[in-house]
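With the numbering used here applied, the sequence shown closes on residue 374, and no number is skipped along the way. Using N, Cα and C, we set each Cβ at its ideal position, and we do this for glycine too. This report concerns only the one structure given below.
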Amino acid sequence: MKKIKFIAACYIAISFSISSCTTLEPNTFVINGTTDHVDGSSVYRIKSGPNGQPVTIDSTKIVNGSFELKGTLDQIDINFIFLEGVNGNVPVILEEGSIEMEIFKDSLASSITAGTPSNNNLAQYRKSTQGFAKEMRTLVQEINEANTLGDNILAEDLTAKYKAVETNLSVYEKDFMNSNPQSYVATLILERLVTTKAMRSSEAKLIYNGFDPKIKSSVSGKKVEAIINVPSNPTAIGEVAPAFEGPTPTGELVSLASLKGKVTIIDFWAAWCRPCRIENPNLVRLYKRMHHKGLEIIGVSLDKNQSSWVRAIEDDGLSWNHVSNLKYWQDPIALLYGVRSIPAAFVLNKDGVIVAKNLRGAQLDAKIEELLNE
Numbered sequence: 001m002k003k004i005k006f007i008a009a010c011y012i013a014i015s016f017s018i019s020s021c022t023t024l025e026p027n028t029f030v031i032n033g034t035t036d037h038v039d040g041s042s043v044y045r046i047k048s049g050p051n052g053q054p055v056t057i058d059s060t061k062i063v064n065g066s067f068e069l070k071g072t073l074d075q076i077d078i079n080f081i082f083l084e085g086v087n088g089n090v091p092v093i094l095e096e097g098s099i100e101m102e103i104f105k106d107s108l109a110s111s112i113t114a115g116t117p118s119n120n121n122l123a124q125y126r127k128s129t130q131g132f133a134k135e136m137r138t139l140v141q142e143i144n145e146a147n148t149l150g151d152n153i154l155a156e157d158l159t160a161k162y163k164a165v166e167t168n169l170s171v172y173e174k175d176f177m178n179s180n181p182q183s184y185v186a187t188l189i190l191e192r193l194v195t196t197k198a199m200r201s202s203e204a205k206l207i208y209n210g211f212d213p214k215i216k217s218s219v220s221g222k223k224v225e226a227i228i229n230v231p232s233n234p235t236a237i238g239e240v241a242p243a244f245e246g247p248t249p250t251g252e253l254v255s256l257a258s259l260k261g262k263v264t265i266i267d268f269w270a271a272w273c274r275p276c277r278i279e280n281p282n283l284v285r286l287y288k289r290m291h292h293k294g295l296e297i298i299g300v301s302l303d304k305n306q307s308s309w310v311r312a313i314e315d316d317g318l319s320w321n322h323v324s325n326l327k328y329w330q331d332p333i334a335l336l337y338g339v340r341s342i343p344a345a346f347v348l349n350k351d352g353v354i355v356a357k358n359l360r361g362a363q364l365d366a367k368i369e370e371l372l373n374e
C-alpha cells in the first residue's frame, strides 16, 4: 500500500482573522508571531539547502510571548519556523505583506498562519484535506491489520475504498490548483504531483500554463517547469543529456554544463551499493589513463548519509566531480534520468549527446578511446 504524500507545508490549521496596519516597502515581508513558548527562547527561520539540509536564515527572541521576523524577497518561497528546544516546525510561505502566526509549542500542527494570500490558501487547503488524510490513515491501518490476519478479501475491499478516497483527493487538488493560479500553494501541490509521477506531464502542463507569471518564476514553479518540459524519453541514445546541477560534498554547486566540450561519464552510484563499489576500481583506472586526454566523470550519489558518501569517495579514491542531494531514490537527478537501479552510467560525447549506456570494463574503455579520438 503506497502512502499518501503531502507537501510539508500542508499541516497548518485554519487561518484566523488578524489585521495589520503596518505599511511595508515593496518586495518585503514581516512575520508577526505569538507563542506560548518560554520568553527569551529563540525563534529560527529555516530554509531547505541545496542538499536538503536545513539552513538558518534568520532568528530572533521571544519577548512577552511575541516575536517578529522581517526581510526582503527576491521571489516567493517556503520557509519553516522552529522554536528553540521544540521538535518539529511550522511552514510559512514568504511573500510580500504582513504574515501573522500563532504557534503552539505542544501542538505545532495546530498552529495558525494567515495574513497573505498564499498563507490563507494554505490554511484553506489544510482545512479541506484534513478529512481525506484522516480517512486514508485509518484505511491504511485497517488494510495492514487485514493483511496480518490473512483476510485478503477484506484487504482488497479496504484498498478499493482507499483508492476511492485518493481519487476524491486528486479531484479536489486539481480544482484547487485551477481555482488558485496566483497561489504558491498551487505550485507546491503540482511540484509534489509531478515529482512523484502522480500526474502526467501533459496534464500538469495544462495546469501550469494557467499559473500567474510570478508563481511560474518562483522556486517551486521553476522546478515544475523543468520536470514537465523534459522529453518523454530524455535519456535515449542520441538525445542531448538533460541538464542538471547538484551540491558537492563541500556544498558548492556543480553542473553538467560545466563539463561541456568533454567526453563525460555520468556515473550513478552510492556508498551502500556493493556492485558500485566493486566497479569503482575500473573507473579509477580508466580516469587515470584518460583524464589528461579529455575524459571527465561526474558521480551522482543516491546516498542518504553525507559522511558515508564522503568516506566512500575517499576510500575508493574517486578523484572526479561528485554531487548528491542525499535523497536516496528520490534524488532529482536520478529521477530526471529515470535511474531505477545502480550502478548506472551514461556516456556523453563532446557535444553532450548520450552515445552509450551502462558499459563496463573493456567495452567502456573502447568507447571512451573512440570518442576521445574523434
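Residue i - partner residues in DSSP beta bridges
{"i": "Ala-114", "result": "Glu-100"}
{"i": "Pro-54", "result": "Ser-48"}
{"i": "Gly-33", "result": "Phe-67 and Met-101"}
{"i": "Val-254", "result": "Gly-246"}
{"i": "Thr-187", "result": "Its beta-bridge partners do not exist; DSSP assigns none."}
{"i": "Lys-28", "result": "Residue identity check: residue 28 is Thr in the sequence provided, not Lys. Looking at the DSSP assignment, Thr-28 forms a beta bridge with Thr-72."}
{"i": "Phe-211", "result": "None; Phe-211 has no bridge partner."}
{"i": "Lys-61", "result": "Ser-42"}
Local Cβ density within 10 Å of residue i, reported as buried at 16 or more and exposed below that
{"i": "Leu-318", "result": "buried"}
{"i": "Trp-329", "result": "exposed"}
{"i": "Ser-183", "result": "buried"}
{"i": "Lys-163", "result": "exposed"}
{"i": "Asn-79", "result": "buried"}
{"i": "Cys-21", "result": "Legend: pLDDT at Cys-21 = 44, less than 50; position of this residue unreliable, value from coordinates given subsequently. It is exposed - the Cβ of Cys-21 has fewer than 16 other Cβ atoms within 10 Å."}
{"i": "Glu-191", "result": "buried"}
{"i": "Asp-74", "result": "exposed"}
{"i": "Lys-299", "result": "Contrary to the premise, residue 299 reads as Gly rather than Lys in this sequence. Flag for Gly-299 reads buried."}
{"i": "Arg-126", "result": "buried"}
{"i": "Arg-200", "result": "exposed"}
{"i": "Thr-196", "result": "exposed"}
{"i": "Ala-312", "result": "buried"}
{"i": "Asp-331", "result": "buried"}
{"i": "Gly-411", "result": "With the chain represented from 1 up to 374, any question about residue 411 goes unanswered, as that position is not in the structure."}
{"i": "Ala-13", "result": "Note that Ala-13 scores a pLDDT of 31, beneath 50, so its modelled location is shaky and nothing firm can be said."}
{"i": "Asn-168", "result": "exposed"}
{"i": "Leu-149", "result": "exposed"}
{"i": "Thr-28", "result": "exposed"}
Cβ-Cβ distance between residue i and residue j below 7 Å
{"i": "Val-165", "j": "Phe-132", "result": "yes"}
{"i": "Ser-42", "j": "Glu-84", "result": "yes"}
{"i": "Ala-345", "j": "Ile-265", "result": "yes"}
{"i": "Gly-52", "j": "Leu-326", "result": "yes"}
{"i": "Ser-217", "j": "Leu-188", "result": "no"}
{"i": "Gly-97", "j": "Thr-116", "result": "yes"}
{"i": "Leu-371", "j": "Val-263", "result": "yes"}
{"i": "Val-230", "j": "Val-323", "result": "no"}
{"i": "Ser-111", "j": "Val-90", "result": "yes"}
{"i": "Leu-122", "j": "Ala-241", "result": "no"}
{"i": "Ile-368", "j": "Leu-295", "result": "yes"}
{"i": "Phe-82", "j": "Ile-46", "result": "yes"}
{"i": "Asp-365", "j": "Leu-259", "result": "no"}
{"i": "Cys-273", "j": "Ile-354", "result": "no"}
Where residue i falls: helix, strand or coil (DSSP)
{"i": "Thr-159", "result": "helix"}
{"i": "Phe-176", "result": "helix"}
{"i": "Val-89", "result": "A small fix is needed here, since residue 89 is Asn in this sequence, not Val. Asn-89 falls in the coil class under three-state DSSP."}
{"i": "Gly-221", "result": "helix"}
{"i": "Ala-198", "result": "coil"}
{"i": "Ile-354", "result": "strand"}
{"i": "Arg-45", "result": "strand"}
{"i": "Pro-275", "result": "helix"}
{"i": "Ile-228", "result": "helix"}
{"i": "Asn-144", "result": "helix"}
{"i": "Lys-216", "result": "helix"}
{"i": "Leu-336", "result": "helix"}
{"i": "Trp-329", "result": "helix"}
{"i": "Trp-309", "result": "helix"}
{"i": "Asn-233", "result": "coil"}
{"i": "Asn-393", "result": "Lying before the first or after the last residue shown, residue 393 is absent from the chain, which here runs from 1 to 374."}
{"i": "Val-300", "result": "strand"}
{"i": "Ala-345", "result": "strand"}
{"i": "Phe-244", "result": "coil"}
{"i": "Asn-79", "result": "strand"}
{"i": "Val-263", "result": "strand"}
{"i": "Cys-21", "result": "Bear in mind that a pLDDT of 44 at Cys-21, under 50, signals an unreliable position, so the model cannot answer this."}
{"i": "Leu-73", "result": "coil"}
{"i": "Phe-132", "result": "helix"}
{"i": "Leu-359", "result": "coil"}
{"i": "Ser-170", "result": "helix"}
Touch test, the region 32-44 against the region 91-106, Cβ-Cβ under 8 Å, three pairs minimum: yes
The region 53-62 / the region 135-148 touching (three or more Cβ pairs under 8 Å): no
At least three beta-carbon pairs within less than 8 Å, the region 207-216 to the region 64-72: Contact check between the region 207-216 and the region 64-72: fewer than three CB pairs, one atom from each, fall below 8 Å, which does not count as touching.
Cβ pair count under 8 Å reaching 3, the region 224-243 against the region 335-345: yes
Inter-stretch contact (C-beta, 8 Å, three-pair minimum) for the region 240-259 and the region 277-293: no
Segment contact, 8 Å Cβ cut-off, at least three pairs: the region 269-278 with the region 301-321: yes
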